[in-house]
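Read through the structure below, which is laid out as structure tokens, and then see the notes.
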């Protein structure tokens, strides 16, 4: 029995620091790296990709609406063509930083309001899937295991990796409780670890109303920006391993080549594995 453990990383910006990415990378197996639209600046992206490569942690593109002020947690009524271009732009930016670090973008995960929107918003779900399909249809989509985006992605031949959240409460119908509601975010590491083990071994957790909620997930997200995030992620991983659950990435990650990050000369590039068609600029 195996499960992936992921976290949102690379979300610092300028002099503002969010979370302890280096510590989280010693615990998680997949890193959802911000791509500059909701958080993360170019230097943060480069450093995060380099740190993930050193730790042999899979890097995923955490794509979002263009909403720095709202941290990507506000719905944006953006047109489909614009959203597809926005996602492609973010993928390209993160891929460049990955290549310099000797790794690659291994999957895509929508962030914040976009994550929730594509469950029901058909047009934006199509736009997101269009971007992934155009860039590299071999990239898995990490996110909701049901709803519009999962259905459309599967219909288009994309791999959908269903995700559950370690520190979030669920309603009886398997949806996340809104952050504005009491009890939506769980803060007790022992409680969270117990819930995650139940989820990984039995495929269900206790919902906010008290009943058992069936949830199938290949990957568990533990938030890197919450208070005590490192302690909680560590508690979750230890509990899973004690329960006999192997924690490993859902994508194959080869050991990256050594990269000297102390000097900017001669970037280390991995051989290109995808072919995209560039249109006129």
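Residue numbers (my numbering): 2 to 282. Glycine included, each C-beta is placed from N, C-alpha and C at the ideal position. Since this is a predicted model, take the numbers as computed values, not measurements.
Given residue i as reference, the closest of the options once Cα atoms are compared
i: residue 232; options: 21, 2, 3; result: 21
i: residue 251; options: 29, 17, 9, 85; result: 29
i: residue 167; options: 218, 149, 247; result: 218
i: residue 86; options: 236, 38, 47, 184; result: 38
i: residue 132; options: 119, 84, 169; result: 84
i: residue 229; options: 189, 194, 212; result: 189
i: residue 147; options: 244, 26, 122; result: 122
i: residue 36; options: 11, 51, 26; result: 11
i: residue 119; options: 138, 140, 154, 42; result: 154
8 angstroms contact criterion, which residue i and residue j should meet: CB distance rounded
i: residue 88; j: residue 129; result: 6 angstroms
i: residue 64; j: residue 117; result: Contact doesn't hold; Cβ gap of about 14 angstroms is too wide.
i: residue 178; j: residue 240; result: Not quite, the Cβ-Cβ distance comes to about 22 angstroms (not below 8 angstroms), so this is no contact.
i: residue 4; j: residue 206; result: With 8 angstroms as the limit, residue 4 and residue 206 do not qualify as a contact, their Cβ atoms being about 13 angstroms apart.
i: residue 110; j: residue 73; result: Contact doesn't hold; Cβ gap of about 12 angstroms is too wide.
i: residue 34; j: residue 46; result: 6 angstroms
i: residue 54; j: residue 107; result: Rounded, the Cβ-Cβ distance is 11 angstroms, inconsistent with contact.
i: residue 184; j: residue 25; result: That pair is no contact at about 24 angstroms.
Residue i burial status per 10 Å Cβ neighbour count (16 or more: buried)
i: residue 31; result: buried
i: residue 125; result: buried
i: residue 49; result: buried
i: residue 115; result: buried
i: residue 105; result: buried
i: residue 201; result: buried
i: residue 182; result: exposed
i: residue 68; result: buried
i: residue 213; result: exposed
i: residue 98; result: buried
i: residue 255; result: Confidence in residue 255 is poor, its pLDDT being 39 and thus under 50, which makes the residue's placement too unreliable to answer from.
i: residue 78; result: exposed
i: residue 288; result: The question about residue 288 has no answer here: the residues shown for the chain are numbered 2 through 282.
i: residue 9; result: buried
Residues that residue i bridges to, as DSSP identifies them
i: residue 1; result: The requested residue 1 does not occur in the structure, where the chain is confined to residues 2 to 282.
i: residue 207; result: 213
i: residue 165; result: 221
i: residue 63; result: 35, 110
Check: residue i C-beta below 7 angstroms from any heavy atom of the ligand FAD
i: residue 205; result: Ligands displayed in this structure: none; no statement on the ligand FAD is therefore possible.
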